[in-house]
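Chains as they are written, first to last, in the working numbering: chain D, 57 to 400; chain G, 57 to 400; chain C, 57 to 400; chain S, 57 to 400. So the structure is just underneath, and the comments pick up after that.
Protein chains: 4
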Amino acid sequence: MKKIGIVGGTGYTGVELMRLLARHGGVEIAAITSRGEAGTPVSELYPNLRGALDIGFTTPDEADLAACDLVFFATPNGIAMNQAPNLLAQGVKVIDLAADYRIKDLSVWSQWYGLTHASPDWVERAVYGMPELYRDEIRGAQLVANPGCHVTAVTLGLLPLMGQAWIDHTRLIADSKSGTSGAGRKAEVPMLMAESGESFKAYAVNGHRHQPETVQTLTAVATRAVGLTFVPHLVPMVRGIEASLYVPLTAEPPMDIQRLFEDYYADERFVDVMPQGSHPETRSVRGNNLCRMAVFRPQGGDMLVISSVIDNLVKGAAGQAVQNMNLMLGFPENQGLDLIALSP
Amino acid sequence: MKKIGIVGGTGYTGVELMRLLARHGGVEIAAITSRGEAGTPVSELYPNLRGALDIGFTTPDEADLAACDLVFFATPNGIAMNQAPNLLAQGVKVIDLAADYRIKDLSVWSQWYGLTHASPDWVERAVYGMPELYRDEIRGAQLVANPGCHVTAVTLGLLPLMGQAWIDHTRLIADSKSGTSGAGRKAEVPMLMAESGESFKAYAVNGHRHQPETVQTLTAVATRAVGLTFVPHLVPMVRGIEASLYVPLTAEPPMDIQRLFEDYYADERFVDVMPQGSHPETRSVRGNNLCRMAVFRPQGGDMLVISSVIDNLVKGAAGQAVQNMNLMLGFPENQGLDLIALSP
Amino acid sequence: MKKIGIVGGTGYTGVELMRLLARHGGVEIAAITSRGEAGTPVSELYPNLRGALDIGFTTPDEADLAACDLVFFATPNGIAMNQAPNLLAQGVKVIDLAADYRIKDLSVWSQWYGLTHASPDWVERAVYGMPELYRDEIRGAQLVANPGCHVTAVTLGLLPLMGQAWIDHTRLIADSKSGTSGAGRKAEVPMLMAESGESFKAYAVNGHRHQPETVQTLTAVATRAVGLTFVPHLVPMVRGIEASLYVPLTAEPPMDIQRLFEDYYADERFVDVMPQGSHPETRSVRGNNLCRMAVFRPQGGDMLVISSVIDNLVKGAAGQAVQNMNLMLGFPENQGLDLIALSP
Amino acid sequence: MKKIGIVGGTGYTGVELMRLLARHGGVEIAAITSRGEAGTPVSELYPNLRGALDIGFTTPDEADLAACDLVFFATPNGIAMNQAPNLLAQGVKVIDLAADYRIKDLSVWSQWYGLTHASPDWVERAVYGMPELYRDEIRGAQLVANPGCHVTAVTLGLLPLMGQAWIDHTRLIADSKSGTSGAGRKAEVPMLMAESGESFKAYAVNGHRHQPETVQTLTAVATRAVGLTFVPHLVPMVRGIEASLYVPLTAEPPMDIQRLFEDYYADERFVDVMPQGSHPETRSVRGNNLCRMAVFRPQGGDMLVISSVIDNLVKGAAGQAVQNMNLMLGFPENQGLDLIALSP
């Protein structure tokens, strides 16, 4: 049994990590920290865990995190960059579910996150935790930066097209829609049900942190400049992200697009290219770690459309983190993650 | 008091017409027809009308529609083209809320609707019922084709840019999202709450009837070829449409875009260009006839984004129809339509 | 035009008051106060009011509330009891939408609200603002205590039975369900959409402030001891209350129960006793001031069931307050309140 | 590996059975029948099963159900009573998720279901599939009648009190609320999202089939006459039932009620008596087989209140059926059922 620590376990990624790890079979949760909730059983804050996980929150000081094999940071941005290096120095493996280690260009990171980075050397050494791209590096990594939720849906949907000579890499569009759990468990007026229920809107149209993160990966894969317009929206539901991706064609593709996608992801357990004409629903991945997608070329025109869905708390956060943990600790990649989506 | 008839009043556009007309002040509903519900008081089918409208459904045969000043067709596609000409011939004014008279090119219409048109001459004479474009023609029209719901949100959001030399008219994208009432009051499995609740998806990505309708109008205004990718989505809510519109810039616009939009709609009572940086919510127009929009140029780049919201049953259907009726019958354009949106 | 002030207009009852008053026709909103939002146009906080109400929030000090004919307190509990007396002393009429003046027994009030009352003399003089019971007193009142939301649905549903010899007044049960807007526009974790969406629960089962308020009125009408078990629930929707009321029969009623209810409310504009066998839906009163109800005697047994629905923000708050205002200022009771419910 | 058949697998109980059985580990699904969908892969109808279950629907005739160890009937009422006896005669074990074998009194059954029973002898031999009451009988049963969804939440919440001398068995009240998936996957207007979304109502107040089913069990346990008023409600969500149960006290209970409940269910894996003062949420059991409940005595008065929650498709249908299957086939009772609820 590997020993696992969770720092900042009171949010939605925290409870989702616990849901997945409690039934993983190869790990035990040694410590979950929260200054505010220290002493509280996790099942009091999250009754869905009653009977499944008999552990309480502890202060970071009491938790012997250095004795863990791997520690998840499910903290707000700016925490892991201060606290992770100490654990890393003691040989503990770390997965940060926040954004501290996602962006390699420190000036870009500072611009979007409004902070000076506290451990820039670890930014360089961190591996971006998207197994479909960096599986081998993740296996050997000591520090993994778990991707953002919108980022995951958008990046996976665009990857097979990156670098193709017949698309316009400078005019990509990602129209992404997320359930409200993506905003986390923070008391904020706009996230009240009375504010976000039975309504729909775009937000952060002028700029969202997931845009530079996505562009970084797409650029690396395409090996050329990428222009991406990214517009997030808030859906009156709890879980799920659907990203509609628009890719202009500049020439006739020399192959079948459906086939291109199927081949690209043929060996990926957690990416499902659906049959031609399918319309992926977010509920088809509710609670599980899959990204399902479908690719379209409406009326045979010069625009490709990809619809890509994930559960923002699973493949978009805790599930992908467990997938990374499996790789880092030598478990089968799908251990603990083969849950079937809850539908209806 | 003008006498109004409604053919096919059992659907959502029917009940919404009744909600608006019952408090209009200048009209009386002389007849509401429904073969299936003949004899039933409308307030039995729609309890929200109890105490507000004391009338029952009648068969089309019993209803003396020819005695009406104006008749709304709130019927499925393919009905008005057969039944309206007889009324028109008797001098009755008609507003068709379905698609029978929206598309001027009969071959395009037949291709998308799968029918041969029964009254092609009236297609030619029909005025497209978008007051912001065709106010004067509507005033004098005998037959008005009320625009589609997605179409209204998309077209109004793009109009100020049509014909501008500095946008790429061939790569327009409309990512539109609608509440489930847009599908009408028909017993269909995909529209069950257990199917469409707490989930989100795109639909009809390969082609939707609102695409050619939108293109027809945009082309006429732009006076050049328009390429539009239109992708509708289903939102787990009842009412509202948000369309995110993407317009590539080909050169630096010679004017302030915000100002362009504000000037374009300065005299329009039912279009609200919101202040820079606003994010229109569908609930801000719930139950009223406004289209609210905001225009963005993310990071000063080469893509404009417009977010446009309407209530699909009001500005997207019954409200716009009443606006057209007001024009056709000589009422103030906003009579009966100055309701404030219900929020929260 | 009567001059109206609103103290604490940033919450949901505030915006709902503005929605109704902006189209009332007989009043003008002279001032809306909010310390936190002073200087902000109300339409910035509530975009649904854009174009309908051109006014901004002011500090209580700047607002010349004493020059108003009537002032609404849409403040948290404990504010009006301190601030209203000064206005009342200057002859201003006051309607308190909070609970400061609802409960006559000061010790009961203190027990439930945890405060010592600051203006006990005004508690005595205040009229309980339920027009169906106290219409004449409200007409002459200077201070009206607007009833609670659950209270309104429960009380109106039980009134016709109070004092009847053939019911058990000691075992009344009110199982009430409210949308989340009932909790107000406060940033609280349990009211996040991610917490209250797609879920259902009871709350405050061991005791809720609306229980003593309801009992006070029922006791007064029944002129005997009343025992009421009141259990509120949170519904994953924004607006609406449904109360299912259970009344044990102790003897065969000597009259038709349906008829009893219809007669009781025959002259009430805002209470709708629906036909036998109807099941009132909250959406049938969405946005309007009606209480609709139906009465049942399942299988002819010894338990009556009443299902009573209101919009918690209208008849349960702002709408009933405007109804009271109409009475106090001599307007027709339904002025500004004849809106038709939004359905679907 | 035991061979399992599912008759009528296209509904929500069907897909939920598949979700649970596909990860059970001790069974294989040999056949799923559907006349309408024969030839269709189940993953086409239910994309959440893509990659998890590679099987298609077959006609009942093609399916060799007699070769199965156990067959689930997930069919509408009135099917199993005709088709199950043939399988039973060949030694196949059967679990009926419909109501054909739930009610022992054939005249009561006929009155509520409007049918004459086709296999009354099997009604007598059927065991009612509530493991908390009839575990041993289920182990030896050939035919099990799986309880109704509301029935399960209500019965489990009342069981510990049945037969107690200090409650009034004749005035029990169950105010039960269900998500819309309880109505099944049938195309019906009232279950459209546009009809049931953002609204709340009671239904079938004058009589619902789950009332006599509940009374039958409670009477048997209490060994005295039971009077139950049962009122179901429709919640604007997909999954979940909360039942608020009201039990009048006739004398001071001689024991601690909380303790009584905890002791009663001490050995039950799928019933969770929550700590005093808890308010069970339906999401705390979403997707899992638990019934969580809390018991209250508001203000120390003479009415007990129990709030009991289940997932209507799991403990209220497919999950309880798998629990029964485990007992009938000799698996550990919780095999395949230890999933953690999805929350948020």
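No residue lacks a Cβ here, since even glycine has one placed at the ideal position from N, Cα and C. The structure presented is a predicted model; accordingly, all values stated were derived computationally and were not measured.
First and last residue of the uninterrupted alpha helix (DSSP H) at residue i
i             : result
residue 252/D : 249-252
residue 145/G : 136-145
residue 274/C : 266-278
residue 261/C : Counting along the chain, residue 261/C falls outside any alpha helix (DSSP H), and DSSP gives it neither H nor E.
residue 100/D : 98-101
residue 375/D : 375-385
residue 341/S : Counting along the chain, residue 341/S falls outside any alpha helix (DSSP H), and DSSP gives it neither H nor E.
residue 194/D : 187-195
residue 318/D : 313-320
residue 61/G  : Run containing residue 61/G: none in the alpha helix (DSSP H); it sits in the beta strand (DSSP E), 58-63.
residue 84/C  : Counting along the chain, residue 84/C falls outside any alpha helix (DSSP H), though it belongs to the beta strand (DSSP E) covering 83-89.
residue 200/G : From DSSP, residue 200/G is part of no alpha helix (DSSP H) but of the beta strand (DSSP E) over 199-201.
residue 163/G : 162-169
As assigned by DSSP and simplified to three states, the class of residue i
i             : result
residue 347/C : strand
residue 293/S : coil
residue 132/D : coil
residue 285/C : strand
residue 68/C  : helix
residue 232/S : strand
residue 352/S : strand
residue 237/C : helix
residue 109/G : coil
residue 299/S : strand
residue 52/D  : Because chain D spans 57 through 400 in this model, residue 52/D falls outside it and cannot be assessed.
Assumed close pair residue i, residue j - CB separation to whole angstroms, cut-off 8 Å
i             : j             : result
residue 18/S  : residue 202/S : Past the edges of chain S, shown from 57 to 400, lies residue 18/S, and the structure says nothing about it.
residue 290/S : residue 257/S : 6 Å
residue 390/C : residue 205/C : 20 Å between Cβ atoms; not a contact.
residue 218/S : residue 305/S : Wrong, their Cβ atoms sit about 14 Å apart, outside the cutoff.
Residue-chain proximity (residue i, chain A), Cβ-Cβ < 8 Å
i             : result
residue 167/D : Reference to chain A is not applicable here, since the protein chains of this structure are D, G, C and S.
Endpoints, the beta strand (DSSP E) within which residue i is located
i             : result
residue 121/S : Where residue 121/S is concerned, there is no enclosing beta strand (DSSP E), given that its DSSP letter is neither H nor E.
residue 366/C : 359-366
residue 434/C : It is not possible to answer for residue 434/C, since the shown part of chain C is limited to 57 through 400.
residue 153/D : Note, residue 153/D: premise wrong, no beta strand (DSSP E); not H, not E.
residue 215/C : Where residue 215/C is concerned, there is no enclosing beta strand (DSSP E), given that its DSSP letter is neither H nor E.
Within chain D, the residues that residue i reaches when beta carbons sit closer than 7 Å
i             : result
residue 117/G : Going along chain D, no residue has its Cβ under 7 Å from residue 117/G, so there is no contact; the nearest lies around 40 Å.
Residue i: contacting residues in chain G (beta-carbon distance under 8 Å)
i             : result
residue 339/D : 254 and 255
residue 292/S : 249 and 253
residue 343/C : 343 and 398
Partner residues on chain G for residue i, Cβ-Cβ distance less than 7 Å
i             : result
residue 304/D : 227
residue 397/C : 104
Where residue i meets chain C, residues with beta-carbon distance less than 8 Å
i             : result
residue 68/D  : 250
residue 298/S : 256, 257, 258 and 289
residue 101/G : The contacting residues do not exist; residue 101/G stays about 11 Å from chain C at best.
Chain G residues whose Cβ lies nearer than 9 Å to that of residue i
i             : result
residue 359/D : 227, 229, 283 and 285
Chain S residues whose Cβ lies nearer than 7 Å to that of residue i
i             : result
residue 400/C : 250 and 251
Closer than 9 Å at the beta carbon, the chain S residues around residue i
i            : result
residue 84/G : Correct list: empty, because the minimum Cβ distance to chain S is about 28 Å.
- Mind the definition here: the region 65-75 of chain G touches the region 234-243 of chain G only if three or more C-beta pairs lie below 8 Å; say whether that holds. Remark: three or more beta-carbon pairs, one from each stretch, lie closer than 8 Å, so the region 65-75 of chain G and the region 234-243 of chain G are flagged as touching.
- Message: If contact is defined by three or more beta carbon pairs under 8 Å, each pair taking one atom from either stretch, is the region 114-128 of chain C in contact with the region 375-391 of chain C?
- Response: They touch, by the three-pair rule.
- Message: Between the region 339-353 of chain G and the region 209-216 of chain G, can you find at least three pairs of beta-carbon atoms closer than 8 Å?
- Response: Touching, yes, given that three or more Cβ pairs across the two stretches are closer than 8 Å.
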